[in-house]
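Number of protein chains: 2
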Amino acid sequence: MRLDARKTAILRTVVEEHIRTGQPVGSRTVVRKYHLGLSPATVRNEMADLEEMGYLVQPHTSAGRIPSDRGYRVYVDELMEETKLSKEETRWIEEQLSSRVRDIVSLIRETARVVSEATNYLSLVLGPQLDTTSCQSVHLLRVGPERALIVITTETGFVESRLVDIPPMTDEDMSAFSRILTKNLAGRKMADLPGRLASMKDEVSRYGRVITTLMDFLTKALVEREERLYMGGQANILNQPEFRDSRKAGEVFSVLENEEAVDKLFDIPAGSPVSVLIGEENPLYGVKDCSLVRGTFRLGSALGKIGVLGPKRMDYARAVAIVRFVEEKISDFFGGRSGW
Amino acid sequence: MRLDARKTAILRTVVEEHIRTGQPVGSRTVVRKYHLGLSPATVRNEMADLEEMGYLVQPHTSAGRIPSDRGYRVYVDELMEETKLSKEETRWIEEQLSSRVRDIVSLIRETARVVSEATNYLSLVLGPQLDTTSCQSVHLLRVGPERALIVITTETGFVESRLVDIPPMTDEDMSAFSRILTKNLAGRKMADLPGRLASMKDEVSRYGRVITTLMDFLTKALVEREERLYMGGQANILNQPEFRDSRKAGEVFSVLENEEAVDKLFDIPAGSPVSVLIGEENPLYGVKDCSLVRGTFRLGSALGKIGVLGPKRMDYARAVAIVRFVEEKISDFFGGRSGW
DNA sequence: CTTAGCACTCCGCCTTGCCGAGTGCTAACC
DNA sequence: GGTTAGCACTCGGCAAGGCGGAGTGCTAAG
Chain L
1273 MRLDARKTAI
1283 LRTVVEEHIR
1293 TGQPVGSRTV
1303 VRKYHLGLSP
1313 ATVRNEMADL
1323 EEMGYLVQPH
1333 TSAGRIPSDR
1343 GYRVYVDELM
1353 EETKLSKEET
1363 RWIEEQLSSR
1373 VRDIVSLIRE
1383 TARVVSEATN
1393 YLSLVLGPQL
1403 DTTSCQSVHL
1413 LRVGPERALI
1423 VITTETGFVE
1433 SRLVDIPPMT
1443 DEDMSAFSRI
1453 LTKNLAGRKM
1463 ADLPGRLASM
1473 KDEVSRYGRV
1483 ITTLMDFLTK
1493 ALVEREERLY
1503 MGGQANILNQ
1513 PEFRDSRKAG
1523 EVFSVLENEE
1533 AVDKLFDIPA
1543 GSPVSVLIGE
1553 ENPLYGVKDC
1563 SLVRGTFRLG
1573 SALGKIGVLG
1583 PKRMDYARAV
1593 AIVRFVEEKI
1603 SDFFGGRSGW
Chain D
1273 MRLDARKTAI
1283 LRTVVEEHIR
1293 TGQPVGSRTV
1303 VRKYHLGLSP
1313 ATVRNEMADL
1323 EEMGYLVQPH
1333 TSAGRIPSDR
1343 GYRVYVDELM
1353 EETKLSKEET
1363 RWIEEQLSSR
1373 VRDIVSLIRE
1383 TARVVSEATN
1393 YLSLVLGPQL
1403 DTTSCQSVHL
1413 LRVGPERALI
1423 VITTETGFVE
1433 SRLVDIPPMT
1443 DEDMSAFSRI
1453 LTKNLAGRKM
1463 ADLPGRLASM
1473 KDEVSRYGRV
1483 ITTLMDFLTK
1493 ALVEREERLY
1503 MGGQANILNQ
1513 PEFRDSRKAG
1523 EVFSVLENEE
1533 AVDKLFDIPA
1543 GSPVSVLIGE
1553 ENPLYGVKDC
1563 SLVRGTFRLG
1573 SALGKIGVLG
1583 PKRMDYARAV
1593 AIVRFVEEKI
1603 SDFFGGRSGW
């Protein structure tokens, strides 16, 4: 049996109608929406076929049908029409981003907020991973007689810092050390820094313990990447009728509280176009009733990720459009624009 | 009518029983729990009195009674016995904190996580406000030919930074400028920095626009205090039976997504002891079915806040004990301990 | 191939009745 | 006078039964 034009049209109607109302869709409703000279009986036959083919399921005998994961998949991949955001919407998003952003961290945080408000779903934004970013400068700053702050800036404008104890040294020593560090490390990927530091050991041995602490710091900063995940619009999930029972919502939140779990949902290669994970397709039990629209954005050489998490019957077209648009805007921000 | 010893004992029993089971408590139950030669009928009379006095309410005729806000208030203020945390618990908390903390931000974040796991409620931690903190150093770091990073460290170990465009200047100029800034600003409250900068204008006029940007940055950093709120254990709220209906939970989450609203809940003077906000006592509509146990902690001269948000029938004694303990631990961390 | 008709299924909703828990009141008891 | 037993009453929760509506599958006719 093949998905001919008519089956396709009916499938599309069922999916869109279900997305709109949340209810199972019956043959009569399809006829009403899908204006063509067809009777409910004919549509019933087609829908029976679609069920046999695995695109629709009946929650129970003698109810309407709802899309299966596979049905949503076909819809997303082939049937859905791309949505254009309205002028007002794009302007609103741009305004929100440009007026509140003053550094990379706030850019990411505001993105989470804006995406959740624009979609009315829950948004997830993973800040760039440090290891793929290039180091821009390393400085050692005195903040006390035997205390200093190591500050590493990255090409993308991130600043990582850590307090360390240092042996007594003069200000000139510290500047010299900073220069040596920057000279040797600038331009390198963050992931390579510990290795580089090891090979510099001789050159800087006279700075003693600082160098050890620094290596330790760098290694940790890469491994325990901190505070990468930002979320917005948690309340939106709770307003979805499929999560009326808060225990269902609790399963979702338990997953989201675990950053490693969230990483699994975003296991996509750099530069992938916007993709969609539907229901059981996603690897975590707790969110198997959800869909995730996810994309990537670049900040220089670093890669961030952005996602919209909603019920399976989410408005995919709109979510995709918003993610695409925001991705683009974020990348614009790194176009050497000054002022932050 | 006075709250004599017997009424008090009955009130305590009702509150504790209701906290334990979540159900309205009847006279028979009270008799079973409160071993004293009294019949249910007597207890009924007493409970009727307690209701008249405003400490108990009946959800509907012929159900048991539950505590009113005022009933909880008396319980919290006068009846509740202080809980001692067990050795294992205190050790667990200490371990969690010390093993994962490597700077102030991570301390705050981990505190949120630990408190929510220890209490099984939702935790809120407000990082110190910058304006009450003293500035420790100001540095200008070159990160490009005409680009620099302003890095301000505070006494509490916070690091605020911002990229700025600079006029061409030599490395020596930058170091000199950094020294001038640090000399003039170190030790001052962050809130005073903009004023100080203004009065330095002549001395540093030759650095041109940098000084303007710096003032702008400082002013903003104080006003738009960013990312102060950390939360943990959102899923815990959803497991409470009173929030079974996720729309109730949604109201709570809507409040918590708004940082200014959360600030209102924490409107307590510096150094206050642990206090409790019960139900309608709190100023925000969305959380009127919740109670908040809140405390403050000091990091040097800066003030942070910590709260446990749960249903009104939360385990107050335990929550208070945990908040007290964690407050103390956090302050210990600032005791000049090195290593982070 | 399409359609009308029909019997059937099953959910959702309402009503009814019943049980249990708890109350308030009254009268008796110590 | 405080305490208690007894009793009638109230109300939520639950299960059972009935009904209407929406939807289906099948069959036979167009």
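Chains L and D supply the protein sequences, listed in that same order.
Here our numbering is used: position 339 in the first sequence is 1611, and no number is missing along the way.
Here our numbering is used: position 59 in the second sequence is 1331, and no number is missing along the way.
All C-beta atoms in this analysis are idealised placements derived from N, C-alpha and C, irrespective of residue type, glycine included.
Item                                                                                                                                                                             : Value
In this structure, how does DSSP classify residue 1446/D when only helix, strand and coil are distinguished?                                                                     : helix
Taking only three categories from DSSP, how would you classify residue 1426/D?                                                                                                   : strand
With distances taken Cα to Cα, identify the nearest neighbour of residue 1327/D among 1314/D, 1334/D, 1341/D.                                                                    : 1341/D
Classify residue 1287/L as helix, strand or coil using the three-state DSSP reduction.                                                                                           : helix
Between the stretch 1414-1422 of chain D and the stretch 1576-1596 of chain D, do at least 3 Cβ pairs fall closer than 8 Å?                                                      : no
At a Cβ threshold of 7 Å, is residue 1421/L touching chain D?                                                                                                                    : yes
Assuming residue 1549/L and residue 1563/L make a contact with CB atoms under 8 Å, what is their CB distance in whole Å?                                                         : 6 Å
I'd like the list of long-range same chain contacts for residue 1608/L, defined as Cβ closer than 6 Å, with 5 residues on each side in sequence excluded.                        : The predicted model places residue 1608/L with a pLDDT of 48, which falls under 50 and marks its position as unreliable; any figure quoted below should be read in that light. Nothing meets the Cβ criterion.
What would DSSP say about residue 1611/D, mapped onto helix, strand or coil?                                                                                                     : Model confidence at residue 1611/D stands at a pLDDT of 36, short of 50, so the residue's coordinates are unreliable; what they give is reported in the following sentence. DSSP places residue 1611/D in coil when its eight states are reduced to three.
Using three-state DSSP, classify residue 1488/D as helix, strand or coil.                                                                                                        : helix
Beta strand (DSSP E) containing residue 1569/D: first to last residue?                                                                                                           : 1562-1571
Enumerate in chain order the residues of its own chain whose CB-to-CB distance from residue 1430/L is below 6 Å, with the five nearest sequence positions on each side excluded. : 1376
Going by beta carbon distance, what residues of the same chain come within less than 8 Å of residue 1551/L, once the five residues before and after it are set aside?            : 1341, 1344, 1560, 1561, 1562, 1563, 1584
For residue 1395/L, which three-state DSSP category applies?                                                                                                                     : strand
Mark residue 1308/D as exposed unless 16 or more other C-beta atoms lie within 10 angstroms of its C-beta, in which case mark it buried.                                         : exposed
Buried or exposed: residue 1541/D, going by 16 or more other Cβ atoms within 10 Å of its Cβ?                                                                                     : exposed
Return the chain-ordered list of same chain residues with a C-beta closer than 7 Å to the C-beta of residue 1528/D, the five sequence neighbours on each side being excluded.    : 1503, 1534
Kindly indicate if chain L contains any beta-carbon less than 7 Å away from that of residue 1610/D.                                                                              : Residue placement at residue 1610/D is flagged as unreliable, the pLDDT there being 38, under the threshold of 50; the coordinate-derived value follows with that caveat. Residue 1610/D counts as touching chain L.
Interface residues of chain L around residue 1525/D at Cβ under 7 Å?                                                                                                             : 1506, 1507, 1510
Count the other CB atoms within 10 Å of the CB of residue 1507/L; is the residue buried (16 or more) or exposed (fewer)?                                                         : buried
Quick one: is residue 1411/D buried, meaning 16 or more other Cβ sit within 10 Å of its Cβ, or exposed?                                                                          : buried
For residue 1433/D, which residues from the same chain have a beta carbon less than 8 Å from its beta carbon, with the 5 sequence-adjacent residues on both sides left out?      : 1421, 1422, 1423, 1424
Quick check on residue 1330/L: does DSSP put it in helix, strand or coil?                                                                                                        : coil
Should residue 1353/L go down as buried or exposed, given a rule of 16 or more other Cβ atoms within 10 Å for buried?                                                            : exposed
With contact counted as at least three CB pairs below 8 Å, one residue from each stretch, are the stretch 1512-1522 of chain D and the stretch 1380-1389 of chain D in contact?  : no
Please report the distance separating the alpha-carbon of residue 1610/L from that of residue 1280/L.                                                                            : Confidence in residue 1610/L is poor, its pLDDT being 38 and thus under 50, which makes the residue's placement too unreliable to answer from.
Look up residue 1368/D in the DSSP assignment and say whether it is helix, strand or coil.                                                                                       : helix
So what does DSSP say about residue 1312/D, is it helix, strand or coil?                                                                                                         : helix
Touching or not, the stretch 1591-1604 of chain D and the stretch 1567-1581 of chain D, by the rule of three or more beta carbon pairs under 8 Å?                                : yes
Note down the Cα distance separating residue 1443/D from residue 1414/L, rounded to an integer number of angstroms.                                                              : 17 Å
Would you tell me roughly how many angstroms separate the C-alpha atoms of residue 1460/L and residue 1454/L, rounded to the nearest one?                                        : 10 Å
Quick check: the Cα distance between residue 1426/L and residue 1406/L, rounded to an integer number of angstroms?                                                               : 6 Å
Are the C-beta atoms of residue 1604/D and some chain L residue less than 7 Å apart?                                                                                             : no
What would DSSP say about residue 1420/D, mapped onto helix, strand or coil?                                                                                                     : strand
Taking residue 1449/L as the query, report the chain D residues whose CB atoms sit under 9 Å from its CB, ordered along the chain.                                               : Those do not exist, as residue 1449/L stays about 14 Å from chain D at its closest Cβ, beyond 9 Å.
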